[in-house]
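A short worksheet on the structure shown next.
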Amino acid sequence: MLAYCVDVLRYDIVGCGEVVAQEHAAVLNRLRIEGLLTVRACIDTSFGRATWMAKRLHGVPAASITEAGVSGADVALIATPPEFHAELALPYLLAGRSVLIEKPFAPTLADVEKLLDAARVGNARVLVGHMRRLYPAIQVAREVVRSGVIGDIRAVEAREGGRWEWGAASPYTVRSSFGGVLFDTGAHVLDTLLFLLDLDDPAAAPTVTVDSVVRDRDTEPSHDFRARFRLCRGGSDLPVDFRVSRTEALPRSVVLHGEHGSLVVGGAFAQQPTVIARKRALRLDLPLDTPRPADATGCFRLEHEALVNPSGRPDVGGLLEGSRFVTLARLFDTLACS
Amino acid sequence: MTQLESPPTVVLFGATSYLGQYVLDDLLTRGYQVVAVTRNPTVSEILLHPWKDRITVIAPDQLATAGEAAAVVNLAYIKAEKPHRLIRQNALLMQRVHDAAVRLGAARLVHVSTQAIFGYEFDEPPRPVRAVPRAGDSYVESKVHAELLLEELQSRASHRLDIVRLGNIVGEGAPGWTANLAQRLLDGRPVGVAGRAGYSNAAFAPNIASYLGHLVDAPLSSGGEIGRYHHFADLSSLRWPALIARFAEVIGVAPVLAAPAAAPTRATLRPALAGTLRMLYGGPIGRITRRSLARVEVDDAMDAAIFRTKTALGGGLEVDPFEAPQDRDLLAILSSEHEFRSHVVPDWTQPIGDDEALDRMARWLVTAGFAMPRAIP
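Line order of the protein sequences matches chains A and B.
Under our numbering, read the first sequence as residues 12 to 349, first letter to last.
Under our numbering, read the second sequence as residues 6 to 382, first letter to last.
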């Protein structure tokens, strides 16, 4: 058991793979230097990676949460392959420790419900690292949809693809049934879609009817996934043509076709939303009245700030709150089994 | 290819690249056994799945098991690497490619390079001559370095070295010059500079693969008249506006053009700082930095320094996130005043004509989902 006696929030990092190395580590180090947190344990089944990360962040390496113990931590980042999210986050939540879980929240609805229940029992918070919600471009686009300027949304095309280059530290992308493109890129794309349409609100959850699913191989993990489905709410159906791929370049866009024009919302941080009407593409450059992240790294910072200082970032906490991802988990369940 | 009891082997580096899929198909159609050398088994499991029963995939340290090879084809280059490791990794890769040709007794090594060895903006029409080291970004520099290194290594070996410099690769699903341009059209971002109808200098992927396969097939005695350097850009004379107009028509948007010599918009401190770092580390001056760092075995210290820099820069707020990215290199290529003319062996026949190539790309834009529907339901 690790013993610590510090005043600032003590952070555990569970999973020291590429997403932590490339995205979270520098931000956590900055927050550490600013005195907002201290990294307690860096935990990974590969003790070498745990040690490497611990050296960077002035923490202590551990090979498991059993070895590290959860009681010495105040909060935790869970950044393992998705199938382990629930198993590893539950001890923290039940002990009353808030967690930030990398996307996707959990691969099944049952796991998501377990985590939300545990958060209630432990009086802890569970945030999900769907950082694209923090992109100004996506927030601007949501305001455009809410404003009604493109009219009723009649159809959606949601796509993203590119040849796979991510240097994952473990082979879970090809070994785990939750390692496929649906749970990876698809989590971003589907969440953006639900977020833009305010369908992530637990009170407004749509039902899902799947018309067709095509994969590049018979079972998950698949690396090229296409589905046509309908989101049904309030008696109306919204057809969605969804495709994500690790093998082929595709548009990096969620396109909402409204009665007055189409809104193109990109998946890259600086990809400005565009309205296309009568063959003209109009880039939207709406002013935002609050400070927003300068880049994707800034979004990671906001995630961690919302975890360590909830009252300072209530807006971010609200966007990333676990209950906002129940509909997404239901959609995963439906699509993965189709 | 002559009919043998056991088909000859071609060793392919870079099979998981976009171009790799076409080269695999072409070599298999010509009857070769293909051994794909890849450093990342996860990537190859994802991207080489359609060929898994028809090719052999090996790690670099398994090359000795490949037996004999008729030829080695190299499409690989170091794409994602920290700048201080780039030159060393690039040298390692080229050494590995060369060693494969020597150890497996290959008669020919075909190294695929790029027109970018002449820079992104051509000062004059590129000629098929030896590459000259030039200040550029790390991509340009590593490509020049690769050519020169392979030539130096080959001078002490017996195989024939062919260097094939490609134009801008276009095709169904080509990430840079097809998908990216289509995305820019969708996003309303500039796809050219007003009044500058640059040469596309484009090379259609299936035709590139056919040319590379033809070289592998050709007797060693042929092609002597054109020398070591091949330039391939079958669509070079097509101007960008013509190509982009076709894409735009299919997608259903009007292209946006940048004003000539448009100034960067809304510069703020952060991009200025990042720009300075890029210049010092990644740009023309960066060449000195990168070369100096490549000689020093300080990987851990450099990694730690980069981590400290990322920590210092990390997570800035209060800046306009819609600042225009630096499009200078892209717009320079779209405005090219000089044609990168093909210089290829005369007995190769282009299998797919220009019109058919454009039609295929147009059809792909629709199936990939770039086209706006004609009518919303």
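We put the CB at the ideal spot given by N, CA and C, even for glycine.
Note that the structure is a prediction, hence the values are computed from the model and not measured.
Between the alpha carbons of residue i and residue j, how many angstroms are there, rounded?
i: A272(B); j: A305(A); result: Low per-residue confidence applies at A272(B): pLDDT is 40, beneath 50, and the placement is therefore not dependable enough to give any value.
i: K290(A); j: R165(A); result: 18 Å
i: A281(A); j: Q355(B); result: 40 Å
i: L91(B); j: V149(B); result: 13 Å
i: Y203(B); j: A253(B); result: For the sequence presented, residue 203(B) should be read as Gly rather than Tyr. Answer to the nearest angstrom: the Cα atoms are 17 Å apart.
i: Q220(A); j: C243(A); result: Gln is not the amino acid found at residue 220(A); the sequence shown has Thr there. Going from the Cα of T220(A) to the Cα of C243(A) covers about 8 Å.
i: V307(A); j: R254(A); result: The residue you asked about is not Val; residue 307(A) is Ala in the sequence shown. C-alpha separation (whole angstroms): 24 Å.
i: V145(B); j: A81(B); result: 14 Å
i: L339(A); j: G191(A); result: 16 Å
i: V160(A); j: Y22(A); result: 44 Å
i: L331(A); j: V275(A); result: 23 Å
i: P93(A); j: D195(A); result: 9 Å
i: P284(A); j: I149(A); result: 7 Å
i: V337(A); j: G140(A); result: 14 Å
i: A112(B); j: D104(B); result: 13 Å
i: S334(A); j: S273(A); result: 29 Å
i: A65(A); j: V137(A); result: 24 Å
i: V1(A); j: V123(A); result: No answer is possible for residue 1(A): the residues shown for chain A start at 12 and end at 349.
i: L261(A); j: E168(A); result: 12 Å
i: T203(A); j: V350(B); result: 50 Å
i: D211(A); j: Y27(B); result: 42 Å
Count the other CB atoms within 10 Å of the CB of residue i; is the residue buried (16 or more) or exposed (fewer)?
i: L293(A); result: exposed
i: E171(A); result: buried
i: G269(A); result: buried
i: N173(B); result: buried
i: I44(A); result: exposed
i: V134(B); result: exposed
i: D66(B); result: exposed
i: H271(A); result: exposed
i: A152(A); result: buried
i: R379(B); result: exposed
i: T70(B); result: exposed
i: G218(B); result: buried
i: V137(B); result: exposed
i: S49(B); result: buried
i: C27(A); result: buried
i: T34(B); result: exposed
Leaving out five residues before and five after residue i in sequence, what residues of the same chain have Cβ atoms less than 8 Å from its Cβ?
i: D37(B); result: Looking at the sequence itself, residue 37(B) is Tyr, so the reference to Asp does not match. The residues are M6, P12, P13, T14, V15, A75, V221.
i: V102(B); result: F18, V77, N79, A81, L114, H116, L155
i: Q178(B); result: It is worth fixing the name first, because residue 178(B) is Gly in this sequence and not Gln. Y23, A184, W369, A373, listed in sequence order.
i: E316(A); result: L42, L47, G323, R324, V327
i: P265(B); result: V198, A199, G200, R201
By Cβ distance, which residues of its chain are closer than 6 Å to residue i, with the 5 residues on each side in sequence left out?
i: H96(A); result: I89, I112, A117
i: I338(B); result: Y125
i: G197(A); result: V255
i: V107(B); result: A162
i: G277(A); result: R263, S264
i: A32(A); result: none
i: D334(B); result: Y125
Strictly under 9 Å for the Cβ-Cβ distance: is residue i near chain E by that measure?
i: R161(B); result: Checking the listed chains, one finds no chain E in this structure; the protein chains it contains are A and B.
How many whole angstroms separate the CB atoms of residue i and residue j, which I take to be in contact at a CB cut-off of 8 Å?
i: L248(B); j: A210(B); result: Wrong, their Cβ atoms sit about 14 Å apart, outside the cutoff.
i: D222(A); j: R239(A); result: 4 Å
i: R233(B); j: D167(B); result: 6 Å
i: A151(B); j: N185(B); result: Not quite, the Cβ-Cβ distance comes to about 23 Å (not below 8 Å), so this is no contact.
i: H199(A); j: I51(B); result: Not confirmed; about 18 Å, so no contact.
i: W177(A); j: E29(A); result: 7 Å
Could you name the residues that DSSP lists as bridge partners for residue i?
i: I112(A); result: I89(A), V139(A)
i: N185(B); result: According to DSSP, which records beta bridges pairwise, N185(B) is partnered with nothing at all.
i: Q38(B); result: T14(B)
i: N320(A); result: None, per the DSSP bridge assignment.
i: L154(B); result: DSSP lists no partner for L154(B).
i: G278(A); result: In DSSP, G278(A) forms no bridge with anything.
i: V38(A); result: For V38(A), which the question treats as bridged, DSSP gives no partner whatsoever.
i: G19(B); result: Partner(s): none; G19(B) has no beta bridge.
i: E378(A); result: Nothing about residue 378(A) can be read from this structure; chain A reaches only from 12 to 349.
i: T119(B); result: L171(B)
i: A76(B); result: V15(B), R113(B)
Within a Cβ cutoff of 7 Å, which residues of the same chain sit near residue i, ignoring the five residues on either side of it in sequence?
i: L342(A); result: L201, V219
i: I76(A); result: V25, I54, L99, P102
i: A367(B); result: R251, V255
i: W245(B); result: G197, A202, G203, S205, L339
i: T345(A); result: V219, V221
i: S215(B); result: D31, P356
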